[in-house]
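Input: a single structure, listed below in structure tokens.
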Amino acid sequence: MAKRIRKAVIPTAGLGTRFLPVTRSVPKALLPVLQKPLIHYAIEEAAAAGIEEVIVVVNPGSESIAGYFDPQPELERMLKLRGRAAELEQQIAITKIARVHAVPQHEARGLGDAVLMAQDYVKDEAFAVLLPDDVIWAQRPAIGQLIDVWDRHGGSVVAAKEVPDEAVEKLGIIAGKLVSGPVWNVTGLVEKPKLADAPSHMAIIGRYILSPAVFDYLKEGRRGAGGEIQLTDAIASRLNIEPVHACVFEGAHVDAGTPQGMLAAAIFQARKQPGYFETARAMVEAAETGTAVRTGA
Ligand code: G1P
Numbered sequence: 006m007a008k009r010i011r012k013a014v015i016p017t018a019g020l021g022t023r024f025l026p027v028t029r030s031v032p033k034a035l036l037p038v039l040q041k042p043l044i045h046y047a048i049e050e051a052a053a054a055g056i057e058e059v060i061v062v063v064n065p066g067s068e069s070i071a072g073y074f075d076p077q078p079e080l081e082r083m084l085k086l087r088g089r090a091a092e093l094e095q096q097i098a099i100t101k102i103a104r105v106h107a108v109p110q111h112e113a114r115g116l117g118d119a120v121l122m123a124q125d126y127v128k129d130e131a132f133a134v135l136l137p138d139d140v141i142w143a144q145r146p147a148i149g150q151l152i153d154v155w156d157r158h159g160g161s162v163v164a165a166k167e168v169p170d171e172a173v174e175k176l177g178i179i180a181g182k183l184v185s186g187p188v189w190n191v192t193g194l195v196e197k198p199k200l201a202d203a204p205s206h207m208a209i210i211g212r213y214i215l216s217p218a219v220f221d222y223l224k225e226g227r228r229g230a231g232g233e234i235q236l237t238d239a240i241a242s243r244l245n246i247e248p249v250h251a252c253v254f255e256g257a258h259v260d261a262g263t264p265q266g267m268l269a270a271a272i273f274q275a276r277k278q279p280g281y282f283e284t285a286r287a288m289v290e291a292a293e294t295g296t297a298v299r300t301g302a
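Its first residue numbered 6, the sequence shown is counted upward by one per residue in the working numbering.
Rendered as structure tokens:
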């Protein structure tokens, strides 16, 4: 077993249909929550947890996603020339967050297949997966909380959160029991079950630490829920062979994979940026009364 988690896989290769028309030409992972795109939040979280290398799985032609982390010499020269030192430093920091590679997923065969595309980079060590639609604000990065569980137990670890009835059929759901603190011992995982068949209301949220053995299952190409190759099924294939745990992470989570979720994420992020939340609040009031307010002073 590798001693620490050094690599993360970030799948981004969906069609982004819920965000049409913008996703006709902008990949969903580059859509912003205020000034930063979703992929930036995910990579920042991974880096804050000690991850050094990130493999972004992209649609062919969407390699610009990884290019976001490349140096921008023209921009840097201009900021330097104008004496905007703090901004220059921020821009250079983005290029140093992690080593970022893009690998294409040629066919949209599901999340499990997307993760399989990263195998050549991951090789035989345990690795992290972060789904950038799931934005999590936490003191200790959510993926770091999973790494803490993995340090104690090994095997695989998924992030989990209790969800209401209407969310159960849209997510991966676990069966198991609480071991201690926020940690569950997982005895079953099922992708998008019918509410009546769901073993619990504990859903998988898009953070994982995975044993490289999941690749063996993924290579078989077996189709699961929705006719897709499911990551949930690959993790389930490790039950009774290796430990599988769930970590009920601490932090605020928003599923930004829908326009409403993206709006919710922007409002949450606004609280972290001086002046922004006041604007959001004023706009809600103004929209209710149909009056205009002046923003962006
Ligand atoms: C994926 C996983 C699912 C998980 C969810 C979290 O589903 O397959 O198990 O609960 O991410 O966001 P998707 O959102 O891609 O349908």
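C-beta: ideal position from N, C-alpha, C; glycine also.
Start and end residues, alpha helix (DSSP H) containing residue i
{"i": "E171", "result": "170 to 173"}
{"i": "A52", "result": "43 to 53"}
{"i": "P78", "result": "78 to 86"}
{"i": "K224", "result": "219 to 224"}
Local Cβ density within 10 Å of residue i, reported as buried at 16 or more and exposed below that
{"i": "S30", "result": "exposed"}
{"i": "V168", "result": "buried"}
{"i": "S69", "result": "exposed"}
{"i": "T17", "result": "buried"}
{"i": "N64", "result": "buried"}
{"i": "S185", "result": "exposed"}
{"i": "D170", "result": "exposed"}
{"i": "G19", "result": "buried"}
{"i": "A270", "result": "buried"}
{"i": "L86", "result": "exposed"}
{"i": "K277", "result": "exposed"}
{"i": "T296", "result": "exposed"}
{"i": "Q150", "result": "buried"}
{"i": "P32", "result": "buried"}
{"i": "G208", "result": "Contrary to the premise, residue 208 reads as Ala rather than Gly in this sequence. By the 10 Å Cβ count, A208 comes out buried."}
Residue from the options with nearest C-alpha to residue i
{"i": "D156", "options": "A54, Q278, E255", "result": "A54"}
{"i": "E247", "options": "A239, G256, A71", "result": "A239"}
{"i": "H158", "options": "G181, N190, A143", "result": "N190"}
{"i": "C252", "options": "K182, E283, G280", "result": "K182"}
{"i": "R82", "options": "V249, T237, E94", "result": "E94"}
{"i": "V105", "options": "A51, A147, I210, W142", "result": "A51"}
{"i": "P264", "options": "A34, S216, G211", "result": "A34"}
{"i": "R11", "options": "K166, A297, A133", "result": "A133"}
{"i": "D221", "options": "G232, P204, S242, I214", "result": "S242"}
{"i": "V219", "options": "V249, G231, P204", "result": "V249"}
{"i": "E58", "options": "D129, V259, A13", "result": "A13"}
{"i": "D75", "options": "D139, I56, D260, A107", "result": "A107"}
{"i": "I210", "options": "P204, G226, G262", "result": "G262"}
{"i": "A71", "options": "Q144, A203, P109", "result": "P109"}
{"i": "V259", "options": "Q150, D153, I141, G226", "result": "I141"}
{"i": "Q77", "options": "S67, G66, G88, Q96", "result": "Q96"}
{"i": "D139", "options": "A165, G66, A180", "result": "A165"}
C-alpha gap between residue i and residue j, whole angstroms
{"i": "E92", "j": "L84", "result": "7 angstroms"}
{"i": "K197", "j": "Q124", "result": "25 angstroms"}
{"i": "I234", "j": "K224", "result": "10 angstroms"}
{"i": "P199", "j": "I178", "result": "It should be noted that the sequence gives Lys, not Pro, for residue 199. Using only the alpha carbons, I get a separation of about 10 angstroms."}
{"i": "A285", "j": "K101", "result": "32 angstroms"}
{"i": "I44", "j": "K175", "result": "22 angstroms"}
{"i": "R228", "j": "V195", "result": "13 angstroms"}
{"i": "L25", "j": "L136", "result": "19 angstroms"}
{"i": "I272", "j": "Q40", "result": "12 angstroms"}
{"i": "T192", "j": "A98", "result": "42 angstroms"}
{"i": "P187", "j": "S161", "result": "15 angstroms"}
{"i": "F282", "j": "A275", "result": "5 angstroms"}
{"i": "L236", "j": "T294", "result": "47 angstroms"}
{"i": "T22", "j": "T28", "result": "7 angstroms"}
{"i": "A292", "j": "M267", "result": "19 angstroms"}
{"i": "E79", "j": "V173", "result": "48 angstroms"}
{"i": "V120", "j": "V163", "result": "15 angstroms"}
{"i": "E255", "j": "H206", "result": "17 angstroms"}
{"i": "A201", "j": "A257", "result": "28 angstroms"}
{"i": "M288", "j": "S216", "result": "47 angstroms"}
{"i": "R9", "j": "A131", "result": "8 angstroms"}
{"i": "A7", "j": "A147", "result": "Low per-residue confidence applies at A7: pLDDT is 49, beneath 50, and the placement is therefore not dependable, though the value from the model is reported in the following sentence. Near 20 angstroms, if we compare the C-alpha coordinates of A147 and A7."}
{"i": "A90", "j": "L244", "result": "52 angstroms"}
{"i": "E290", "j": "I15", "result": "38 angstroms"}
{"i": "I48", "j": "A103", "result": "8 angstroms"}
{"i": "P42", "j": "Y73", "result": "9 angstroms"}
{"i": "I60", "j": "Y126", "result": "7 angstroms"}
{"i": "D118", "j": "Q144", "result": "32 angstroms"}
{"i": "L116", "j": "G88", "result": "45 angstroms"}
Check: residue i C-beta below 7 angstroms from any heavy atom of the ligand ATP
{"i": "E196", "result": "Inclusion of the ligand ATP in the displayed structure is not the case, the ligand content consisting of the ligand G1P alone."}
Run of the beta strand (DSSP E) containing residue i, from where it starts to where it stops
{"i": "S69", "result": "That residue, S69, is in no beta strand (DSSP E); its alpha helix (DSSP H) goes 69 to 72."}
{"i": "V162", "result": "161 to 167"}
{"i": "I56", "result": "I56 -> no beta strand (DSSP E), and no H or E assigned at all."}
{"i": "K33", "result": "Per DSSP, K33 belongs to no beta strand (DSSP E) and is neither H nor E."}
{"i": "I10", "result": "Run containing I10: none; DSSP gives neither H nor E here."}
Problem set entry | Ranges of the alpha helix (DSSP H) found wholly within the region 234 to 296, counting only runs of at least 4 | Runs found: 236 to 241, 264 to 275, 281 to 294.
Problem set entry | Sequence ranges, alpha helix (DSSP H) only - wholly within the region 180 to 210, length at least 4 | Segments of the alpha helix (DSSP H) lying fully in the region 180 to 210: there are none.
For this session: Pick out the complete alpha helix (DSSP H) segments inside the region 89 to 153, 4 residues or longer, and give them in chain order.
Result: Counting only runs of 4 or more, we get 90 to 100, 116 to 121, 124 to 127.
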